[in-house]
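So the sequence shown is numbered by the numbering used here: it starts at 319 and just counts up by one.
Ideal placement from N, C-alpha and C gives every residue a C-beta, glycine not left out.
It should be emphasised that the depicted structure is a prediction, and the values quoted were computed from it without experimental measurement.
Report on the following structure.
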Amino acid sequence: MLETDRIRLRPWRDDDAETLYKWAKDPDVGPRAGWPPHASVEESLEVIRTVFNDATNTWAIEWKETGEAIGAMGYGPSCDCNLPAREGELITGYWIAKPYWNRGICTEALKLMIEHIKQTTDIKSLISGHFVDNPASGRVMEKCGFKPTGETVIDETQYQGKDRPIRVLRLELMEQKFCQSCGMPLTEEMKGTNADGTKNDDYCIYCYKDGAFTRDCTMEEMIDFCAGFVDEVNKNMPKPMTKEEYKQMMRQWFPLLKRWKQ
Ligand SMILES: CC(C)(COP(=O)(O)OP(=O)(O)OC[C@H]1O[C@@H](n2cnc3c(N)ncnc32)[C@H](O)[C@@H]1OP(=O)(O)O)[C@@H](O)C(=O)NCCC(=O)NCCS
319 MLETDRIRLR
329 PWRDDDAETL
339 YKWAKDPDVG
349 PRAGWPPHAS
359 VEESLEVIRT
369 VFNDATNTWA
379 IEWKETGEAI
389 GAMGYGPSCD
399 CNLPAREGEL
409 ITGYWIAKPY
419 WNRGICTEAL
429 KLMIEHIKQT
439 TDIKSLISGH
449 FVDNPASGRV
459 MEKCGFKPTG
469 ETVIDETQYQ
479 GKDRPIRVLR
489 LELMEQKFCQ
499 SCGMPLTEEM
509 KGTNADGTKN
519 DDYCIYCYKD
529 GAFTRDCTME
539 EMIDFCAGFV
549 DEVNKNMPKP
559 MTKEEYKQMM
569 RQWFPLLKRW
579 KQ
């Protein structure tokens with residue numbers, strides 16, 4: 319089920335048209351995302367039937383307390399926009415009704431969709447972009463793991479897109495990250511911390527805390543230390559390794575990690 323305590327992602331329905339119009343006529347919503355404000359309930363109904371009509375990849379973000387749709391979340395082919403997409407790469411898009419902004423709702427909804435994509439598809443990456451003058455959207459993407467590609471594009475097919483640069487971001491879905499000190503898998507929860515308390519993207523919490531390495535050691539000392547966990551590592555291995563085999567493997571690999579790279 320695509321839901322959290324406060325929101326649910328569900329298919330759009332014809333009877334959402336009036337609510338959609340209520341939010342989508344707001345000139346602060348659509349133009350930030352590259353589409354014009356809706357002009358009538360009929361137009362909103364048309365959008366529900368022709369744009370929001372694929373329930374496999376487009377959802378209403380329902381506020382559970384009221385049952386009302388308060389935004390949209392989705393992904394789909396990137397062929398009709400100007401983003402520098404890889405072959406067949408899909409694009410993601412979203413919006414939230416203005417009264418609900420800055421309460422973490424879009425981030426929550428995007429994370430739900432990403433988790434759903436990971437569990438139900440073999441999609442390798444998603445691309446997206448936001449007008450540079452709409453930084454809140456970029457922040458949402460970054461909070462969900464998207465990284466800037468470094469590219470900026472102009473897309474005249476977008477409403478008011480002529481003079482508004484779009485910053486491009488991509489989410490790699492297949493990428494497995496490892497701590498660049500001890501080599502353990504680096505999930506969001508296991509990330510170490512920078513001096514300002516933010517998470518560090520390179521090192522795990524055991525190796526890096528408050529902006530510094532937790533122990534001063536050589537690469538070989540780190541390998542010795544990690545070898546003590548060979549039984550844990552073996553639980554995820556098709557064929558168990560001896561401690562010495564594990565050390566040999568690390569001696570090949572660790573020189574490639576950021577901390578030990580010459
Ligand atoms: C962009 C949008 C979807 C964000 O939805 P939301 O539910 O408010 O997003 P969240 O609350 O999850 O996160 C918003 C983040 O942007 C930040 N933010 C808000 N305004 C900002 C600004 N002017 N500059 C920089 N960051 C800003 C918030 O502080 C928050 O980040 P934080 O959690 O680190 O503090 C919503 O504003 C919207 O629908 N805008 C119009 C349509 C649109 O832009 N769609 C996306 C098109 S690419």
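Bridge-paired residues (DSSP) for residue i
i	result
Val-450	DSSP, once it has assigned bridges, lists no residue as partnering Val-450.
Glu-321	Arg-326
Gly-595	Limits of the chain in this structure are 319 at one end and 580 at the other, which puts residue 595 out of reach.
Ile-445	Ile-409, Arg-488
Burial state of residue i (16 or more Cβ within 10 Å)
i	result
Thr-376	buried
Phe-531	exposed
Val-450	exposed
Lys-561	exposed
Lys-382	exposed
Gly-447	buried
Gln-282	Nothing can be reported for residue 282, as the shown portion of the chain is limited to 319 through 580.
Ala-427	buried
Thr-410	buried
Asn-420	exposed
Lys-509	buried
Glu-405	exposed
Ser-455	buried
Met-319	exposed
Ala-390	buried
Thr-596	Because residue 596 is not part of the residues shown, which for the chain are 319 to 580, the question remains open.
Glu-380	buried
Phe-464	buried
Extent of the continuous beta strand (DSSP E) run through residue i
i	result
Ile-414	408-414
Glu-469	465-471
Any non-hydrogen atom of ligand 1 within 7 Å of residue i CB
i	result
Ala-387	no
Asn-552	no
Ile-414	yes
Ile-423	yes
Pro-355	no
Trp-578	no
Ser-455	yes
Ala-351	yes
Gly-411	yes
Asn-375	no
Val-458	yes
Lys-461	yes
Tyr-418	yes
Val-369	no
Asn-400	no
Asn-452	yes
Val-486	no
Val-471	no
Val-347	yes
His-448	yes
Endpoints, alpha helix (DSSP H) assigned at residue i
i	result
Ile-423	423-438
Leu-401	First-last for Leu-401: undefined, no H or E at that position.
Glu-336	335-342
Cβ-heavy atom distance, residue i to ligand 2, below 7 Å
i	result
Val-548	No copy of ligand 2 occurs in the structure displayed; its ligands are ligand 1 alone.
*Counting only runs of 4+ residues fully inside the region 475-560, write out the alpha helix (DSSP H) ranges in chain order.*
537-545, 548-552
*Uninterrupted beta strand (DSSP E) stretches inside the region 347-388 (no shorter than 3 residues)*: 376-381
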